[in-house]
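Q:
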Amino acid sequence: MIFHLREAWPVGEELHNEIIDLVNRLIPSTGEIGWNIEMIGDIRDTIQHWLVDKYKIVEELEFYP
4 MIFHLREAWP VGEELHNEII DLVNRLIPST GEIGWNIEMI GDIRDTIQHW LVDKYKIVEE
64 LEFYP
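Numbers in the working numbering are just positions in the sequence shown, counted from 1, shifted up by 3.
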């Protein structure tokens, strides 16, 4: 899912679901990665680094309250 600036941003569990969906779309169709909160948290933190800290697209509390 692609989000435009100032479009409703998924938060909390919805954001985690978007991340795991993205990961599963990126891997070969023969496998699926199950729910792994450590992996999801690491990916969320990396996305936050780029969108909040580097590009300043969203505020920190807007990205992940």
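We treat Cβ as the ideally placed atom computed from N, Cα and C, and that holds for glycine. For clarity, every value in this text was computed on a predicted model and none was experimentally measured.
(1) Is DSSP giving V55 helix, strand or coil here?
(2) Quick one: Cα of K59 to Cα of G15, how far?
(3) Compute the Euclidean distance between the alpha carbons of G34 and N27, then round it to the nearest angstrom.
(4) What do you reckon, are the CB atoms on I43 and I22 nearer than 8 angstroms?
(5) Answer yes or no: do R83 and L25 have a C-beta to C-beta separation smaller than 8 angstroms?
(6) Taking 8 angstroms as the CB-CB limit, is E63 close to chain B?
A: The answer reads as follows:
(1) helix
(2) 20 angstroms
(3) 8 angstroms
(4) Yes, the pair counts as a contact, with Cβ atoms nearer than the cut-off.
(5) In the structure as shown, the chain begins at 4 and stops at 68. Residue 83 is therefore absent and cannot be evaluated.
(6) You won't find chain B in this structure, because it holds only one protein chain.
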